[in-house]
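There are 4 protein chains.
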Amino acid sequence: MVIIVETGADEQTIQRLIDRVGALGYTPHPIRGVEKTVIAVIGEKTQEKIDILETMPGVERIVPILQKYKLVGREVKSETTAIRMTSGMEIGGEEVQMVAGPCAVESYEQFLNIARYVKQAGGHMLRGGIFKPRTSPHDFQGLGEEGIPIAQQVKADVGLPFVTEVVDVRDIEHLHDVADIYQVGARNMQNFALLTELGKVDRPVMLKRGMSATVDDLLQAAEYVVVEGNSDVILCERGIRTFETMTRNTLDISAVVALKRMSHLPVFVDPSHGTGRDWMVPALCKAAVAAGADGLMVETHWHPQEAMVDGAQSLTPVDFATLMSELPAFCSAAGRTL
Amino acid sequence: MVIIVETGADEQTIQRLIDRVGALGYTPHPIRGVEKTVIAVIGEKTQEKIDILETMPGVERIVPILQKYKLVGREVKSETTAIRMTSGMEIGGEEVQMVAGPCAVESYEQFLNIARYVKQAGGHMLRGGIFKPRTSPHDFQGLGEEGIPIAQQVKADVGLPFVTEVVDVRDIEHLHDVADIYQVGARNMQNFALLTELGKVDRPVMLKRGMSATVDDLLQAAEYVVVEGNSDVILCERGIRTFETMTRNTLDISAVVALKRMSHLPVFVDPSHGTGRDWMVPALCKAAVAAGADGLMVETHWHPQEAMVDGAQSLTPVDFATLMSELPAFCSAAGRTL
Amino acid sequence: MVIIVETGADEQTIQRLIDRVGALGYTPHPIRGVEKTVIAVIGEKTQEKIDILETMPGVERIVPILQKYKLVGREVKSETTAIRMTSGMEIGGEEVQMVAGPCAVESYEQFLNIARYVKQAGGHMLRGGIFKPRTSPHDFQGLGEEGIPIAQQVKADVGLPFVTEVVDVRDIEHLHDVADIYQVGARNMQNFALLTELGKVDRPVMLKRGMSATVDDLLQAAEYVVVEGNSDVILCERGIRTFETMTRNTLDISAVVALKRMSHLPVFVDPSHGTGRDWMVPALCKAAVAAGADGLMVETHWHPQEAMVDGAQSLTPVDFATLMSELPAFCSAAGRTL
Amino acid sequence: MVIIVETGADEQTIQRLIDRVGALGYTPHPIRGVEKTVIAVIGEKTQEKIDILETMPGVERIVPILQKYKLVGREVKSETTAIRMTSGMEIGGEEVQMVAGPCAVESYEQFLNIARYVKQAGGHMLRGGIFKPRTSPHDFQGLGEEGIPIAQQVKADVGLPFVTEVVDVRDIEHLHDVADIYQVGARNMQNFALLTELGKVDRPVMLKRGMSATVDDLLQAAEYVVVEGNSDVILCERGIRTFETMTRNTLDISAVVALKRMSHLPVFVDPSHGTGRDWMVPALCKAAVAAGADGLMVETHWHPQEAMVDGAQSLTPVDFATLMSELPAFCSAAGRTL
């Protein structure tokens, strides 16, 4: 780290800082400039010691040099992590994956119907909420446990892996029979108790970026899972909160570029939640692939007018099939396949 | 709700919309303007039905008219909720309360030392993290269960109520013996599993605003607790994420004014987390009281240079005592006492 | 517009509102719901009259129905505006244009060198600041008037049109001899005096989105130019301010999708300023084209280490040539040419 | 500045960086840590040289140490600037000033009526727009030049100084006869041509913070005025753009605390524009004073329902008088007078 000393700090204050750095077990390197003094600090850092130094008289601010994440960074592992599913499908490889399905599993009929046309159009995985986190307690919260056998049956019927959200540590076990990938939603990205438990399961985790999480926060959240032993984490950009009101969130395509550079983990993009507008989804799927995304996650309708949640951001069967027919050219331009 | 019809929608599309509204059990009131048509919709709304309508052809957007929260709104209960603690202290009454203490309980000696000077300076409640949510898994996470007897002993020693954060539904029971108020941190504001469980306990809940939560989101999160039967919820503004990098977050004092008008629940302000800068805390405590806050929550140091977390935002004993001596004039100007 | 009446407003208050609407020359349509009353208002609206109504007792809020921009909206002109340059090049047509060049014109040698390799790699237009708006008065502000003959000479040498920023109404005339397109920078997007004057010139205007401007604000700013008679406006997304610190701004690719749907004006994207990171620029150029952008604007280096401003976001000659060789596949996938 | 070298950079790359620093006239101080190397750089910095270094191979990022503003910082002038008006009134002294008036000057009768009750209630200065910057060209833009004699007459009638906005460099001269303080609006905070011209006039400048300007940006904008010779600049917080939709902007009271610490310039707060809600204005005026503001700026109504612009954020005569009667207690608590 580098300690920037306050302008006008006297020699005694500076010396006490240097002594303190030494007492904490570091090697201090003071550099005296024309107007400012800085102290470079060498040694193994912990947040606790940084906090101690931050409160010392004479400290203007401290600039950390090292990233706070270690295991998920490209610096420790330069090749991209490829996650192999039991079906043989590889996430993070040459093939771009499309995960599609309804916001919520509502009934066997609804989910089967959607699953069939997702498969027919070339989708690789199914999505669908069984436990739904909703902003208001008065809104539909998903079928809960009764949705599990429905999803199991549909998976068996169409033969596609299934991604579903877990919102409570107590549900991890229940969902184990049905979830091929556990999804952590944006609202739970910093639910560290949940992340820690998911670090102990034998399934990949799809970690969605929180609505106000920086790229750095997302990588540190992924670190919570990986540090427990589960290194199969997929990062998912799904929009951040900004002042713009035209879209539900602002989809941050540049985060894909940043995440691919900084981390070896696969990166997906969800433009359905990212925008909340069905008419934006196809163009942003294409943009995500062009920017280097390893996969996409979109919401699709049954009969659009019957969807119980998030209708306005879901693609109709026709729109989904059109998108799937247009994507290969973009994948190919990006040196990928669909 | 009001449905705004797309410019240029033909009569058949509009009629189908009107029919659909009727089929959902509502009474439609179409109003045809010079350029636009709107359809006012009368009847009990659910998010599901709104979502269905949003996907109908010809719908430009839907404007909800009613608030999404019901139980926590001033519209259903015009007098402010006063929460009476077992000690007789009243939260939300004439007296402004000061909750103070370290970011984390680190040892008996540390917590007792701080608790004593908090009490001596006139503080009303203690705060201190036992389970700490930290952005990185490599940072200190609190003492965990071994912190519970320490906090119990210190409470007994100084005789002040204790506010502490719960980060996992499985810890609610463990903390029951020591927490006079359960705190839900900003990162868990939309951990609905946790909120639902806290709706069943016999203790007040201090609900901190999420870093990207609107005032409306905060009120809906409070609704999750109240709907389960626990109406003793304290709302706490603690800063939101913006582009400003000078402060850790941007403390939104106007949210105090909004929350006091829209809800009957007491409102606290935490300028320590809201800014991350010790030198900002006193001025913002005064501003919060001037704006109508019912209470304050600040972090205080032991020996500042020894704090294990969040040192840079904690007040020294001297600064805390000075603040406590200056606050009464502002409370008095606001028609309150300290 | 629709007036949403406060819950609990009495009949007299509602009647006064209705009367007031009528007195302002509108036709009021009150609709009484279970909990709320709304009043739909028919007639030609002005902001002034909306403001008057907003202050009436009993008004909770007013929802405008019509867009605030008229001339730039797709609703008044469904086909995309194609701007034909004197060279015959068409902006907003099938061909995607690449505008490239240095942040600032520094010398004849520098600008010529860059212009040559931009042309050689297939760039369509040159960019380069002559008057530079800089956050600090202590930073380099561009060559000013002495840069004009340099730019004229380079244009003549390589035969490409030139886009340059105007920061002061008094410079419009000076730049008239050299600017084929006048650029309005993000900081001046709401400099209405400048926009109004540019509405009177016979050159296209490239209008960059302000750092905190919504899509709606940008369209209203464009309206300032068009309303004066100059309908050749190019909109340019260049990143918005968010809490993310990894990038200088957050490039909002979804704005491209929104602008193309809402307006008939051509839309460009500038990922150099949008991110401030050279390594992000190629991937985001591809994403912009995939999302439907009509053109791109990027910064390129001379000798990277010699650039006087914005070096870290500029592409080297090799990187620029590589980008130009990779873009055609994405243009083609999007049904365009480069 | 401190150059943070990329992890894994080889010795040759590091040496080239060190050489380059030397070639630019600086003294490099490389410090080699366990995982990272940093190079502290001593010498007079310019943005241009920083930009050059940023593009060098091996540079991860550059951390500037010195502030970008010089003349407006507390580091160069520790006592607060007190601006003495021709009337003898002192801005930035012990007395907190209230600037009040309509959003726009609409007529002699309107402005006189408001000016009279502002004076009667104890207001210190008048405000009122003659040239109004409006988001849409279709909205009322102020009376323009015909408003000048009206404002002059009202000033003479009531004997209060007058603050008014200048939106165009060509209007500075016109307004010179009537403006006691030139106001630069949020949209023009980085209109550097305007700031530079205002640096040459003999009147104080009230500089409003841009909607997405950091505290640092605001101080650098002020530097543009001061560097030209006009050191009488008043900074004004008026809300920033965030994701919160309850208020028009989020008033950043913590910016007052930051600006007072970092700069010697007086700081005002405008809660009318900051929130867009009349019912929030009194509480936030009190909060601003409690936080250390030197003055306030609020909008007041004539007959509220007749105001041509910004009605919903203006105080009625009764509300304004009540506010003026309640403020002294808060000023007194803050060691000030009103």
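Chains as they are written, first to last, in my numbering: chain A, 239 to 576; chain B, 239 to 576; chain C, 239 to 576; chain D, 239 to 576.
Beta carbons: idealized from backbone N, C-alpha and C, even for Gly.
Proximal residues to residue i (C-beta, below 6 Å), its chain only, five neighbours per side dropped
i, result
"Leu315 (chain A)", "Position check: residue 315 (chain A) holds Lys in this sequence, whereas Leu was assumed. These residues qualify, in order along the chain: His502."
"Val463 (chain C)", "Leu433, Leu436, Gly437, Val443, Val471"
"Thr319 (chain A)", "Gly330, His502, Leu503"
"Phe558 (chain A)", "Ala359, Thr538"
"Asp532 (chain B)", "Gly330, Pro504, Val505"
"Val576 (chain A)", "In the sequence as presented, Val is not what sits at residue 576 (chain A); that position holds Leu. Around Leu576 (chain A): Val334, Leu565, Pro566, Cys569."
Partner residues on chain B for residue i, Cβ-Cβ distance less than 9 Å
i, result
"Phe349 (chain C)", "Those do not exist, as Phe349 (chain C) stays about 33 Å from chain B at its closest Cβ, beyond 9 Å."
Contacts around residue i, its chain only, beta-carbon distance under 7 Å, and the 5 residues preceding and following it disregarded
i, result
"Ile352 (chain A)", "Gly339, Pro340, Thr538, Trp540"
"Asp548 (chain A)", "With a pLDDT of only 49 at Asp548 (chain A), under the threshold of 50, the placement of this residue in the model should not be trusted; the figure read from the coordinates follows. So the qualifying residues of the chain are Cys341, Glu537."
"Gln428 (chain B)", "Gly448, Ala459"
Interface residues of chain A facing residue i [CB-CB closer than 9 Å]
i, result
"Lys306 (chain B)", "Thr373, Ser374, His376, Asp377"
"Ser492 (chain B)", "Residues of chain A passing the Cβ test: none, with the nearest at roughly 15 Å."
Start and end residues, alpha helix (DSSP H) containing residue i
i, result
"His511 (chain A)", "509 to 513"
"Phe378 (chain D)", "Run containing Phe378 (chain D): none; DSSP gives neither H nor E here."
"Leu497 (chain B)", "491 to 500"
"Glu461 (chain C)", "453 to 464"
"Gln391 (chain B)", "385 to 396"
"Val279 (chain D)", "That residue, Val279 (chain D), is in no alpha helix (DSSP H); its beta strand (DSSP E) goes 275 to 280."
For residue i: DSSP bridge partner residues
i, result
"Arg372 (chain A)", "Arg372 (chain A) is not bridged to any residue."
"Arg299 (chain A)", "A:Ile242"
"Glu344 (chain C)", "In the DSSP output, where bridge partners are listed per residue, Glu344 (chain C) has none listed."
"Leu561 (chain B)", "BP columns for Leu561 (chain B) are empty, so no partner."
"Lys446 (chain C)", "C:Cys474"
"Arg270 (chain D)", "D:Thr275"
Same chain, Cβ closer than 8 Å to residue i, neighbours up to 5 away in sequence not counted
i, result
"Gly382 (chain D)", "Ile368, Phe369"
"Arg515 (chain B)", "Thr485, Arg486, Ala550, Gln551"
"Asp257 (chain B)", "none"
"Lys357 (chain A)", "Val396, Gly397, Leu398"
Span of the beta strand (DSSP E) around residue i
i, result
"Val401 (chain D)", "400 to 403"
"Glu577 (chain B)", "For chain B, the structure presents residues 239 to 576; residue 577 (chain B) sits outside this window and is missing."
"Gln335 (chain B)", "335 to 339"
"Arg254 (chain D)", "From DSSP, Arg254 (chain D) is part of no beta strand (DSSP E) but of the alpha helix (DSSP H) over 249 to 261."
"Met434 (chain D)", "The amino acid at residue 434 (chain D) is misidentified as Met; the sequence shows Thr. Unbroken run through Thr434 (chain D) is the alpha helix (DSSP H), 430 to 436; no beta strand (DSSP E)."
"Leu534 (chain A)", "533 to 537"
Residue i: contacting residues in chain C (beta-carbon distance under 8 Å)
i, result
"Gln458 (chain D)", "Thr373, Ser374, Pro375"
"Lys370 (chain A)", "The contacting residues do not exist; Lys370 (chain A) stays about 24 Å from chain C at best."
Chain A contact residues for residue i, given Cβ-Cβ distances below 8 Å
i, result
"Arg499 (chain C)", "Trp517"
Neighbour list for residue i in chain D, Cβ cutoff strictly below 8 Å
i, result
"Val453 (chain B)", "Glu482, Met484"
"Lys274 (chain A)", "Ile303, Leu304"
Interface partners of residue i on chain B, CB under 7 Å
i, result
"Val495 (chain D)", "Met518, Ala521, Leu522"
"Ile288 (chain C)", "Within chain B, no residue comes near Ile288 (chain C); the closest Cβ sits about 14 Å away, beyond 7 Å."
Amino acids of chain B, ordered along the chain, whose beta-carbon sits closer than 8 Å to that of residue i
i, result
"Arg441 (chain A)", "Residues of chain B passing the Cβ test: none, with the nearest at roughly 19 Å."
Contacts that residue i makes with chain D (C-beta to C-beta distance below 9 Å)
i, result
"Ala278 (chain A)", "Val240, His267, Ile269, Gly271, Val276, Ala278"
**Q.** Three-pair Cβ contact test at 8 Å for the region 525 to 534 of chain C versus the region 497 to 513 of chain A
**A.** No: fewer than three Cβ pairs fall under 8 Å.
Q.
Check whether the region 353 to 366 of chain B and the region 399 to 418 of chain B touch, using three or more Cβ-Cβ pairs below 8 Å as the test.
A. The region 353 to 366 of chain B, when compared against the region 399 to 418 of chain B, does touch it at the 8 Å Cβ threshold.
Q | Contact between the region 301 to 316 of chain C and the region 449 to 463 of chain C (3+ Cβ pairs under 8 Å) | A | A contact exists between the region 301 to 316 of chain C and the region 449 to 463 of chain C.
Q. Between the region 384 to 398 of chain D and the region 406 to 422 of chain D, do at least 3 Cβ pairs fall closer than 8 Å?
A. Yes, they touch.
Q) When the Cβ atoms of the region 370 to 379 of chain C are set against those of the region 248 to 255 of chain D, are three or more pairs found closer than 8 Å? A) Because the criterion of three Cβ pairs below 8 Å is not met, the region 370 to 379 of chain C and the region 248 to 255 of chain D do not touch.
(Q) Is it the case that the region 270 to 281 of chain B contacts the region 239 to 249 of chain B, given that we only count it when at least three CB pairs across the two stretches are under 8 Å? (A) Contact between the region 239 to 249 of chain B and the region 270 to 281 of chain B is present, because at least three Cβ pairs lie under 8 Å.
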